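Novice: One point on numbering: in UniProt numbering, the residue at position 191 of the sequence shown is 191, and numbering is uninterrupted. My questions all concern the structure below.
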Amino acid sequence: MISSTDESFIIQLNIHLNQALYLSNLSVPRIIDASQKAKLFCSYEIGNRTLNSVKWYKDGQEFFRYSPLTPPTTNWFPVKGVTIADGSSHCNQFICNVELEKLNVHSSGSYRCEVSGDAPEFKLIDKTANMTVGVLPKFDPFINGLQHTYRYGDLIMLNCSSEWSNPSATLTWYINNKTAPLTTIQPQINEITRSTDGFLLYASNLQLRLHIDDPRFIAKSEVFELKCVADIMGLASVRRESKITATILALQDTTSHKQRLMGQSSTSGGDSLLRLAFIADASSSVRCLIYALIMTMSVSLWQTGCWS
């Protein structure tokens with residue numbers, strides 16, 4: 001059962017919602033490649049008001065207007081770096097979306113959607129979002145310097161290089177999904193060049209120097225995952241990464257391997273000495289026979305000259 005107080009509250013709330021004018025959503029790409037088209041979305045609620053206009057601005061300059069009460073209902077205004085794609089605008093009582101093409105170095109900036117109600121208040125609401133236009137990497141960072149296996153006491157030296165981009169990429173090394181210690185990282189080097197379309201392009205290089213001296217590698221071999229991540233503005237949508245694996249042989253495995261090799265060599269030498277001693281103790285005829293058999297020579301015993 002609803003009390004009179006509750007009914008009064010609901011009525012007042014409905015009146016407020018019907019009279020409300022607010023901008024519910026503004027969607028502008030935070031970063032976009034110059035080769036793409038930028039889609040700008042603006043949605044709003046006008047309640048029981050009449051929509052007077054919706055305007056789009058870049059850095060304070062109006063470049064698009066939708067005014068349903070005043071023909072023509074859509075208007076475009078020249079602003080540097082802004083080109084509206086033909087037939088891309090779509091506006092009504094609830095939304096006003098536009099699409100920008102031919103993006104260039106001047107297209108980055110602050111984009112604002114402004115909605116205004118009609119008389120008598122002509123109330124204004126707006127929201128602003130920044131967009132960065134650049135040249136985004138199309139490939140993962142390149143890692144070089146890897147060996148297939150390492151041993152306790154070795155030094156791992158790897159270089160990670162990012163593709164040319166704008167904004168510049170920030171490189172980070174990870175060891176088994178953990179950020180590599182600062183002591184293993186050399187300062188990042190950035191190179192700069194200029195592209196033909198006016199963008200400054202940057203290439204980054206980061207070196208990992210990891211000395212394998214952790215005590216755990218004395219007794220246990222391990223496979224490492226080494227990863228280099230190229231971040232731009234911290235956005236997951238433009239993140240690039242490369243992974244490689246390296247096998248670290250344990251110290252005892254390396255020592256045992258050497259000992260096995262030395263043991264085989266020693267055993268082989270001992271067997272040879274034993275055979276030679278046996279031959280020395282045999283009679284002349286038997287000695288020649290054994291020698292012929294050991295050498296597996298494909299000649300007859302008469303050719304040895306032992307039984308002349």
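All residues carry an ideal CB built from backbone N, CA and C; glycine is no exception. Computed from a prediction, not measured in an experiment: that's the story for all the values here.
If we ignore side chains and look at the alpha-carbon of each, how far apart do serine 221 and glutamine 147 end up?
Specialist: Cα to Cα, the separation comes out at about 16 Å.
Novice: Nearest to aspartate 86 by alpha carbon, out of Val105, Phe64 and Leu69?
Specialist: Aspartate 86 has its Cα closest to that of Phe64, out of Val105, Phe64 and Leu69.
Novice: Does serine 237 come out as helix, strand or coil in the three-state DSSP assignment?
Specialist: The answer is helix: DSSP assigns serine 237 an H, G or I state.
Novice: Touching or not, the segment 159-167 and the segment 42-57, by the rule of three or more beta carbon pairs under 8 Å?
Specialist: Contact between the segment 159-167 and the segment 42-57 is absent, because fewer than three Cβ pairs lie under 8 Å.
Novice: Which residue wins for smallest C-alpha separation from glycine 47, given the options Leu21, Pro29, Lys37 and Ser53?
Specialist: Nearest C-alpha to glycine 47: Leu21.
Novice: Excluding the 5 residues preceding and the 5 following threonine 172 in the sequence, name in chain order all residues of the same chain whose CB lies nearer than 6 Å to its CB.
Specialist: Excluding sequence neighbours, threonine 172 sits near Val229.
Novice: Suppose contacts are defined by Cβ-Cβ distances below 8 Å. Is leucine 208 in contact with arginine 30 by that definition?
Specialist: Against a cut-off of 8 Å, the Cβ pair of arginine 30 and leucine 208 comes out as no contact.
Novice: Tell me whether the beta-carbon of tyrosine 202 lies closer than 8 Å to the beta-carbon of serine 168.
Specialist: Result yes, Cβ atoms of tyrosine 202 and serine 168 sit closer than 8 Å.
Novice: At 3 residues or longer, what runs of the beta strand (DSSP E) sit wholly inside the segment 108-132?
Specialist: With a minimum length of 3 residues, the continuous beta strand (DSSP E) runs that stay inside the segment 108-132 are 109-117.
Novice: Which residue's Cα is closest to the Cα of proline 68: Gln93, Trp164 and Ile232?
Specialist: Of the listed residues, the one whose Cα sits closest to proline 68 is Gln93.
Novice: Taking 8 Å as the limit between beta carbons, can you name the residues of its chain near glutamate 62, skipping five residues before and five after?
Specialist: Within the same chain, glutamate 62 has close Cβ partners Lys55, Trp56, Phe77 and Val79.
Novice: Using the DSSP secondary-structure output, state which residues sit across from isoleucine 212 in a beta bridge.
Specialist: Answer by DSSP bridge pairing: none, since isoleucine 212 is not bridged.
Novice: Only counting the same chain, and skipping five residues up and downstream in sequence, which positions put a Cβ closer than 6 Å to that of serine 110?
Specialist: Correct list, in chain order: Asp59, Thr128 and Asn130.
Novice: What do you reckon, are the CB atoms on leucine 226 and threonine 149 nearer than 8 Å?
Specialist: Their beta carbons are not under 8 Å apart, which means leucine 226 does not touch threonine 149 by this criterion.
Novice: Can you check whether the CB of proline 137 is closer than 8 Å to the CB of glutamate 163?
Specialist: For glutamate 163 and proline 137, yes; Cβs fall inside 8 Å.
Novice: Leaving out five residues before and five after serine 195 in sequence, what residues of the same chain have Cβ atoms less than 6 Å from its Cβ?
Specialist: Same-chain partners within the cutoff: Leu201.
Novice: What does the alpha-carbon distance come out to for the pair leucine 26 and alanine 38?
Specialist: Their backbone Cα atoms lie some 13 Å apart in a straight line.
Novice: On the criterion of 16 or more Cβ atoms from any shown chain inside 10 Å, does valine 133 qualify as buried, or is it exposed?
Specialist: Valine 133 is buried by the Cβ-count criterion.
Novice: When burial is assigned at 16 or more other CB atoms within 10 Å of the CB, is glutamine 36 buried or exposed?
Specialist: Glutamine 36 should be labelled exposed.
Novice: Checking the sheet assignment: what are the DSSP bridge partners for tyrosine 33?
Specialist: At residue 33 the sequence reads aspartate, which differs from the tyrosine that was named. In DSSP, aspartate 33 forms a bridge with Gly134.
Novice: Answer yes or no: do glutamine 188 and serine 204 have a C-beta to C-beta separation smaller than 8 Å?
Specialist: Yes; because the gap between Cβ atoms is below 8 Å, this pair is in contact.
Novice: Nearest-angstrom Cα distance between tyrosine 44 and leucine 103?
Specialist: Rounded to the nearest angstrom, the two C-alpha atoms are 27 Å apart.
Novice: Is leucine 251 helix, strand or coil when you go by DSSP?
Specialist: Residue state, collapsed to three classes: helix.
Novice: Taking C-alpha atoms, which residue in Ile175, Leu100 and Gly81 lies nearest to leucine 210?
Specialist: Checking every option, the nearest Cα to that of leucine 210 belongs to Ile175.
Novice: Between which two residues does the beta strand (DSSP E) carrying leucine 103 extend?
Specialist: That residue, leucine 103, is in no beta strand (DSSP E); it is neither H nor E in DSSP.
Novice: Where does the unbroken beta strand (DSSP E) through leucine 155 begin, and where does it stop?
Specialist: Counting along the chain, the beta strand (DSSP E) containing leucine 155 begins and ends at 155-161.
Novice: With DSSP run on the structure shown, which of helix, strand or coil describes phenylalanine 64?
Specialist: Phenylalanine 64 falls in the strand class under three-state DSSP.
Novice: Report buried or exposed for serine 153, applying the criterion of at least 16 other Cβ atoms within 10 angstroms of its Cβ.
Specialist: Going by the sequence as given, residue 153 is glycine instead of serine. Glycine 153 is exposed by the Cβ-count criterion.
Novice: Any idea what DSSP makes of threonine 196, helix, strand or coil?
Specialist: Residue state, collapsed to three classes: coil.
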